[in-house]
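Respectively, the protein sequence lines represent chains A and B.
Under the numbering used here, read the first sequence as residues 1 to 111, first letter to last.
Under the numbering used here, read the second sequence as residues 1001 to 1109, first letter to last.
Ideal Cβ placement from N, Cα and C applies to all residues, glycine included.
A short write-up of the structure that comes next.
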Amino acid sequence: QKEVEQNSGPLSVPEGAIASLNCTYSDRGSQSFFWYRQYSGKSPELIMSIYSNGDKEDGRFTAQLNKASQYVSLLIRDSQPSDSATYLCAVNGQGTYKYIFGTGTRLKVLA
Amino acid sequence: NAGVTQTPKFQVLKTGQSMTLQCAQDMNHNSMYWYRQDPGMGLRLIYYSASEGTTDKGEVPNGYNVSRLNKREFSLRLESAAPSQTSVYFCASIGASYTFGSGTRLTVV
Chain A
1 QKEVEQNSGP
11 LSVPEGAIAS
21 LNCTYSDRGS
31 QSFFWYRQYS
41 GKSPELIMSI
51 YSNGDKEDGR
61 FTAQLNKASQ
71 YVSLLIRDSQ
81 PSDSATYLCA
91 VNGQGTYKYI
101 FGTGTRLKVL
111 A
Chain B
1001 NAGVTQTPKF
1011 QVLKTGQSMT
1021 LQCAQDMNHN
1031 SMYWYRQDPG
1041 MGLRLIYYSA
1051 SEGTTDKGEV
1061 PNGYNVSRLN
1071 KREFSLRLES
1081 AAPSQTSVYF
1091 CASIGASYTF
1101 GSGTRLTVV
């Protein structure tokens, strides 16, 4: 079992819809969770970080964390074609400096 | 501009050759990281340095060595390159923010 798992996609949604991206992790002691966006040929850029159970909203983005079920999700409201990218989930284990990434989910927003 | 600078951006090596990838950050971050990214494999951690003077292995350290030269610089060395090391390499540093360099595209033939 990989430490951080994501569906590779592609996930296709129409413009204006809500895109839902999911990530599960195996280390129950993990404490910090991150979502990155990566455009083709570019380096990852941080979208959201979340540290406690519940929802965290930032503009059109909402991160959701459920530590009991060991999953973290990212919702993108009013999806735009410019949101088309690969979304990477990253998890930081308890008491470590290791940040482990999932393989990423490719999102396609159709105009 | 503040950030993480990686050099070179592109490199082609022959099997068995050696090279060092350079990374420098000017954000006064303590922790620095080297990842490789391959199609369908996501970002895999090679080595990291939690602070100046310390380095630790990540998920895929075999075939690589690192040096944390000072707080700013963290280099990755391939002593004897192999085709399996063909990849895109990213350096990153973490402080109040997590910042990636622009990447090095390495091809080993």
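By the C-beta density criterion, Leu110/A is exposed, having fewer than 16 other C-beta atoms within 10 angstroms. In the DSSP assignment, Tyr1064/B forms a beta bridge with Leu1078/B.
Within the segment 1075-1094 of chain B, Phe1090 place their CB atoms closer than 7 Å to a CB of chain A, listed in sequence order. With 16 or more neighbouring CB atoms inside 10 Å of its own CB, Met1032/B falls in the buried class.
The three-state secondary structure of Asp78/A, taken from DSSP, is coil.
In this structure, DSSP gives Gln31/A a state outside helix and strand, which the three-state scheme calls coil.
Here the alpha carbon of Pro44/A sits roughly 6 Å from the alpha carbon of Arg37/A. Per DSSP, the continuous beta strand (DSSP E) segment holding Ile1094/B begins and ends at Ser1087 to Ile1094. Taking 7 Å as the Cβ-Cβ cut-off, the segment 45-73 of chain A approaches chain B at Leu46, given in chain order.
The C-beta of Leu1043/B comes closer than 8 Å to at least one C-beta of chain A. Collapsing the DSSP output to three states places Asp58/A in a strand.
Scanning its chain for C-beta atoms nearer than 6 Å, with the 5 sequence neighbours on each side dropped, one finds around Tyr99/A the residues Ala90 and Asn92, in chain order.
Under DSSP, Asn66/A takes part in a beta bridge, and its partners are Tyr71/A.
Proximity of Ala1050/B to chain A, defined by a Cβ-Cβ separation below 8 Å, is satisfied. A straight line joining the alpha-carbon of Phe1100/B with that of Trp1034/B spans about 10 Å. When DSSP assignments are scanned along the segment 1001-1037 of chain B, the uninterrupted stretches of beta strand (DSSP E) that are 3 or more residues long and fall wholly within it turn out to be 1004-1007, 1010-1013 and 1019-1025. Taking 9 Å as the upper bound on Cβ-Cβ separation, chain B lies near residues Phe34, Tyr36, Gln38, Gly41, Lys42, Ser43 and Pro44 of the segment 33-44 of chain A.
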